[in-house]
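Using the working numbering, read the sequence shown as starting at 96 and increasing by one per residue.
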Amino acid sequence: MHLINVTGPRSIFSSTLYWKCWDVLSPQTLSHDGGGNSQGIVSMVKWTLARYNGDARKVFSIGTSSGAMMTNVLLSSYHEVFAAGSAWAGVAFSCYASNGYAVWSDACATGQITKTGAEWKTIVEAAYPGYHSGWRPKMQIFHGTADTILHPQNLQEEIKEWTAVLDLPSAPVRTLADSPQSGWTTYVYGDSFTAKIAQGVDHNIQTNTTVVLDWFDLTCIGTGRFSRPASGGRSSSMGLPATSLAAATSSKSSTSKSPTSTSTSAATTATGTTQAKYQQCGGAT
Numbered sequence: 096m097h098l099i100n101v102t103g104p105r106s107i108f109s110s111t112l113y114w115k116c117w118d119v120l121s122p123q124t125l126s127h128d129g130g131g132n133s134q135g136i137v138s139m140v141k142w143t144l145a146r147y148n149g150d151a152r153k154v155f156s157i158g159t160s161s162g163a164m165m166t167n168v169l170l171s172s173y174h175e176v177f178a179a180g181s182a183w184a185g186v187a188f189s190c191y192a193s194n195g196y197a198v199w200s201d202a203c204a205t206g207q208i209t210k211t212g213a214e215w216k217t218i219v220e221a222a223y224p225g226y227h228s229g230w231r232p233k234m235q236i237f238h239g240t241a242d243t244i245l246h247p248q249n250l251q252e253e254i255k256e257w258t259a260v261l262d263l264p265s266a267p268v269r270t271l272a273d274s275p276q277s278g279w280t281t282y283v284y285g286d287s288f289t290a291k292i293a294q295g296v297d298h299n300i301q302t303n304t305t306v307v308l309d310w311f312d313l314t315c316i317g318t319g320r321f322s323r324p325a326s327g328g329r330s331s332s333m334g335l336p337a338t339s340l341a342a343a344t345s346s347k348s349s350t351s352k353s354p355t356s357t358s359t360s361a362a363t364t365a366t367g368t369t370q371a372k373y374q375q376c377g378g379a380t
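Structure follows, in structure tokens:
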């Protein structure tokens, strides 16, 4: 609720009954307008935008664990819908891919699914055939080095995927120690993608609201907020022309269009027989 209190956007807190995990593996959810959980969430976004006169250029997604996986799916299958995403302890798009509906993939979870950046890019582009040169949302990812549920190798695969998709260098252009907090390291690959590694942190990584709000540019500083272009345009940078920023209005105005954020976070407190395998699930928060 803190995100709502601070920023005033319309927020969608989606949830799933499927083992309390998102479908991030079926051909349907991994395809644009193919069905599955991803299209269900996008349908909620579109309804919310219409119902509350929202600004379609300012739609964001944040998720933890299974929710982070879904954030990767949403920004890959429906990149024209989202301006930016924030994924905490997730995996690369399609890492869990399967022709069936099994909830768990040991191979992906333990970091055994590895590909080149070019291979990941091909998979992402196949999610929306014909859409290769349009807008791509910016992304930030987080992972703990002590994560034994979704091994840290998954962060490396996400890095390879997003740097390739966004046409960014495969090596960071800047490294920031103790950022955004002590023991964490931020790797900057460009204005549109950063990866943050949390030393000694397990799968129960805690979302840093300030960092997310800053990434989404929802801190109400200045005259505008980050948004995707009104039409077309591929960007490997967060920077927007001054006219675009000036056109963005504050959601505090009664006549403005509100930004929309979707939360696909999953709690990491599963108990009983599901704890060892499904700790990355546990319900939406």
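The beta-carbon is built from N, C-alpha and C at its ideal position, and this holds for glycine as well.
Taking each of LYS153, ARG152, ALA151 and ALA187 in turn and checking the Cα distance to VAL168, the smallest one comes out for ALA187. Judged by DSSP secondary structure, VAL119 falls outside any beta strand (DSSP E); it is assigned neither H nor E. Taking 4 residues as the minimum length, the alpha helix (DSSP H) runs contained wholly in the segment 207-294 are 212-221 and 248-260, in order along the chain. By the neighbour-count criterion, in which 16 or more other beta carbons inside 10 Å mark a residue as buried, GLN235 falls on the buried side. Residue nearest to GLN123 within the set TYR226, GLU253 and ALA222 is ALA222 (criterion: CA-CA distance). If you draw a 10 Å sphere on the C-beta of ARG269, you find fewer than 16 other C-beta atoms in it, and that means exposed. By the Cβ neighbour-count rule, ARG146 is exposed, with fewer than 16 other Cβ atoms within 10 Å of its own.
For a cut-off of 8 Å, the C-beta gap from TYR191 to VAL137 is around 19 Å, too long to register as a contact. Contact check for SER160 against GLY185 passes: the beta carbons are separated by less than 8 Å.
Judged by their CB atoms, ILE208 and GLU252 are nearer to each other than the 8 Å cut-off. The criterion of a C-beta distance shorter than 8 Å is not satisfied by PHE237 and TRP257. For PHE311 and ASP150, the gap between their C-alpha atoms comes out near 14 Å. Taking a 10 Å sphere around the C-beta of SER171, we find 16 or more other C-beta atoms and assign the residue as buried. According to the DSSP assignment, ILE136 belongs to the alpha helix (DSSP H) that extends over 131-146. Within 10 angstroms of the beta-carbon of ALA272 lie fewer than 16 other beta-carbons, which makes it exposed. HIS298 sits buried, since 16 or more C-beta atoms from the chains shown fall within 10 Å of its C-beta. With a threshold of 16 other beta carbon atoms within 10 Å, TRP142 falls short and is exposed. Here the alpha carbons of PRO275 and THR240 stand approximately 16 Å from one another. THR205 has its alpha-carbon roughly 5 Å from the corresponding atom of HIS246.
For TRP199, DSSP records no beta bridge to any residue. Secondary structure at SER181: strand, using DSSP grouped into helix, strand and coil. By the neighbour-count definition (other C-beta atoms within 10 Å, threshold 16), ASN194 is an exposed residue.
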